[in-house]
Amino acid sequence: MEHWMERPAWVEIDLRVLKRNIEIVQSRIADGSRMLAVVKANCYGHGMKECYPVFHACGVRDFGVATLSEAKELRSLGDPSDRIVLLGLNHPDLAGLACELNVVTLIADLDYAKALSAEAAKRGQTMEVMGCVDTGMGRIGYQWDDPAAVEDLYTAAQLPNLNMIGIFSHLACEDFEDKSYSDLQQERFETVLNALRAKGLELPLSSLANSPATSHRPQAHYGLCRPGGSLYGRYQGAFNRVEGIDPVMTVKAVILQIKDVPAGFSVSYLRSGRTTRPSRIATLPVGYADGMPRNWGAGRGYVLIGGRRAPIIGNICMDQFMIDVTDIPDVKLYDEVVLIGRSGEEIILLGDIGKACGILSNEVSLGMQLRLPYKYIR
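Each residue of the sequence shown is one higher than the one before, counting from -1 in my numbering.
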């Protein structure tokens, strides 16, 4: 029971699978491009401290984070020569911290570019930057067709102590089977890229490709590919599946109670579950405070016991939920249950839960960091 730590529910992270996933994704990157591994949000809830050495052992030296605090953590773990890219915009008042951490930041306005240039000059540094262009995500960056985009980015590239290594944009719909919007975004990206190159900028490390584009759109690889979810075994839609890539995360719990109940017996809050026959109901010590969506119950989800499905009955409670084990006659108290991951020939993916509940798989895994203990398999 050592891996349970303080409770009989836990997350297993298989670092051997992570290594294999990294190597498979690396094999799909076009010649002349390189991987920028996205490690934001504690490596998508998998643990930056434990996952970082695996990336480094695979030769990854470029990393993407969402905040300067994440960059600071990564710097504390890693090689000072690693390139760390802040994947969101930074505030001019934090330009000094970006310099201190030697983080590549995105340029979406000249005020920030000038602040960063001044801070870098004070320190005698040359800071790498990337021009941020909105090609259709509607989130951050210069609008691709705004005349100021090319002019401002060219001006920023001429500022002292700045080195513009590329431009950056994000694909909004590459997860979809219809790739027409991604095609349009790439055309817009190249319009800006070519205009800047015509002004004499080389921009060797431009970046457009996210996880699905890294695996399936080699024409969008440019200098840096930015896989994130795929490294941890996640993908949206069977059309984005890559052979050999598997989930790194498994979530397990142990049955702590089994009771035999009659037909018509109500289960969970608001009597959201009700038996239609004499049934056996088991209780698991994990709930929505551990990342399990409340509405995954009530007929939407199931768990795995010895490779067999046990449907969730009633809504998920904050710290517990109930399953119907009537059709698994040999189930017993303290049996291990798989909530996410593989059991026998069956598998439950984070994406399956997300689809059933109308949320992203990332929302599920990120919630698990709050209370569940983690066990790392090496």
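Here a beta-carbon is modelled for each residue, glycine too, at the ideal position from N, C-alpha and C. Treat the numbers as computed from the prediction; the structure is a model and nothing was measured.
Check for me: the beta strand (DSSP E) holding P309 runs from which residue to which?
Locating residue 309 in the sequence shown gives position 311, where the first residue counts as 1. Note, P309: beta strand (DSSP E), R306 to I311.
L337 lies in the beta strand (DSSP E); which residues open and close that run?
Numbered from its first residue, the sequence shown carries residue 337 at position 339. Looking at the DSSP string, the run of the beta strand (DSSP E) that includes L337 is E334 to S341.
Which ranges would you report for the beta strand (DSSP E) in the region 243 to 320 if only whole runs of at least 3 residues count?
Taking 3 residues as the minimum length, the beta strand (DSSP E) runs contained wholly in the region 243 to 320 are 247 to 252, 255 to 259, 277 to 282, 300 to 303 and 306 to 311, in order along the chain.
Alpha carbon to alpha carbon, what distance is there between I82 and E71?
By 1-based counting over the sequence shown, the position of residue 71 is 73. By 1-based counting over the sequence shown, the position of residue 82 is 84. E71 and I82: Cα-Cα distance of roughly 11 Å.
Does the beta-carbon distance from G289 to L370 come in below 9 Å?
Sequence index remark: in the sequence shown, residue 289 carries index 291 (1-based). Sequence index remark: in the sequence shown, residue 370 carries index 372 (1-based). For G289 and L370, yes; Cβs fall inside 9 Å.
Over the uninterrupted beta strand (DSSP E) stretch that includes G129, give me the two end residues.
Against the sequence shown, residue 129 aligns to sequence position 131. Segment M125 to D132, the beta strand (DSSP E) holding G129.
What are the residues that DSSP puts in a beta bridge with C223?
Taking the sequence shown and counting its residues from 1, one reaches residue 223 at position 225. DSSP output for C223 lists M33 as bridge partner(s).
When the Cα of G94 is compared with those of D107, Q123 and S79, which residue comes out closest?
In the sequence shown, the residue the question calls residue 94 occupies position 96. Checked all of D107, Q123 and S79; the closest Cα to G94 is Q123.
Would H44 be called buried (16 or more neighbouring beta carbons within 10 Å of its own) or exposed?
As a position in the sequence shown, residue 44 is number 46, starting the count at 1. Under this definition H44 is a buried residue.
Buried or exposed: where does H219 fall if 16 or more other Cβ atoms within 10 Å of its Cβ makes it buried?
The sequence position of residue 219 within the sequence shown is 221, counting from 1. Of the other Cβ atoms in all chains shown, 16 or more fall within 10 Å of the Cβ of H219; this residue is therefore buried.
Determine the extent of the alpha helix (DSSP H) in which V148 is found, giving its start and end residues.
Mapped onto the sequence shown, residue 148 falls at position 150. That run of the alpha helix (DSSP H) goes P145 to Q156.
Please state whether the Cβ-Cβ distance between F166 and C130 is less than 9 Å.
For this step, residue 166 is matched to residue 168 along the sequence shown. For this step, residue 130 is matched to residue 132 along the sequence shown. Yes, these two residues count as a Cβ contact at 9 Å.
Let me make sure I understand the geometry here. Which of F174, G262, N88 and I256 has the alpha-carbon closest to that of T281?
Within the sequence shown, residue 281 is the residue found at index 283, counting from 1. Minimum Cα distance to T281 is reached at I256.
What whole-angstrom Cβ distance do G312 and V265 have, given they're in contact under 8 Å?
Locating residue 312 in the sequence shown gives position 314, where the first residue counts as 1. Locating residue 265 in the sequence shown gives position 267, where the first residue counts as 1. Between V265 and G312 the Cβ distance is about 4 Å, and since that is below 8 Å, they are a contact.
Taking 6 Å as the limit between beta carbons, can you name the residues of its chain near D132, skipping five residues before and five after?
The residue given as residue 132 occupies position 134 in the sequence shown. Contacts found: G139 and Q141.
Inspect the CB distances between the region 210 to 217 and the region 155 to 162 and report whether three or more fall short of 8 Å.
Three or more Cβ pairs closer than 8 Å define a contact, and the region 210 to 217 falls short of that threshold against the region 155 to 162.
For E10, which of helix, strand or coil comes out of DSSP?
For the purposes of this step, residue 10 is taken as the residue at position 12 of the sequence shown. Three-state DSSP puts E10 in a strand.
Let me confirm a value: S79 is counted as buried when at least 16 other C-beta atoms fall within 10 Å, else exposed. Which label applies?
Residue numbering aside, residue 79 sits at position 81 when the sequence shown is read from its first letter. The residue in question, S79, is exposed, as its Cβ has fewer than 16 Cβ neighbours within 10 Å.
Exposed or buried, I314, counting other C-beta atoms within 10 Å across all chains shown (16 or more means buried)?
Within the sequence shown, numbered from 1, the residue matching residue 314 stands at position 316. Buried, by the Cβ-count rule.
If you follow the beta strand (DSSP E) that V362 is part of, which residue opens it and which one closes it?
Here residue 362 refers to the residue found at position 364 of the sequence shown. First-last for V362: S359 to G365, but that is the alpha helix (DSSP H), not the beta strand (DSSP E).
Could you check how far apart the C-beta atoms of V301 and V336 are, in whole angstroms? I think they sit under 8 Å.
Translated into the one-based positions of the sequence shown, residue 301 becomes position 303. Translated into the one-based positions of the sequence shown, residue 336 becomes position 338. The pair is a contact, with the Cβ atoms about 6 Å apart (cut-off 8 Å).
In terms of alpha-carbon separation, which member of K112, S178, L169 and D181 lies closest to L151?
If you number the sequence shown from 1, residue 151 lands on position 153. L151 has its Cα closest to that of K112, out of K112, S178, L169 and D181.
So the alpha helix (DSSP H) A104 belongs to, where does it begin and stop?
Residue numbering aside, residue 104 sits at position 106 when the sequence shown is read from its first letter. It is Leu, not Ala, that sits at residue 104 in the sequence shown. Counting along the chain, L104 falls outside any alpha helix (DSSP H), though it belongs to the beta strand (DSSP E) covering V101 to I105.
For the candidate residues T189, A39 and I303, whose alpha-carbon lies nearest to that of V329?
For the purposes of this step, residue 329 is taken as residue 331 along the sequence shown, with counting starting at 1. When each option's Cα is compared against that of V329, the closest is I303.
Using 8 Å as the threshold, is the region 25 to 38 in touch with the region 2 to 17, meaning 3 or more CB pairs across them?
no
With DSSP run on the structure shown, which of helix, strand or coil describes F187?
Translated into positions along the sequence shown, residue 187 becomes position 189. Note: F187 maps to helix in three-state DSSP.
Can you find the residues in the same chain that come closer than 6 Å, C-beta to C-beta, to V101, ignoring five residues on each side of it along the sequence?
The count along the sequence shown starts at 1 and reaches residue 101 at position 103. Hits under 6 Å: A69, I82 and L84.
Got a sec? Which residues, its chain only, sit under 6 Å from R376 by beta carbon, not counting five neighbours each side?
Counted from its first residue, the sequence shown places residue 376 at position 378. Same-chain partners within the cutoff: L13.
Keeping to the same chain, check which residues put their C-beta closer than 8 Å to that of A116; ignore five residues upstream and five downstream.
Here the question's residue 116 lines up with position 118 in the sequence shown. Once the five neighbours on either side are set aside, the close Cβ partners of A116 are A93.
Quick check: D77 and R32, are their CB atoms within less than 9 Å of each other?
Residue 77 sits at position 79 when you count from the first residue of the sequence shown. Residue 32 sits at position 34 when you count from the first residue of the sequence shown. For D77 and R32, no; Cβs fall outside 9 Å.
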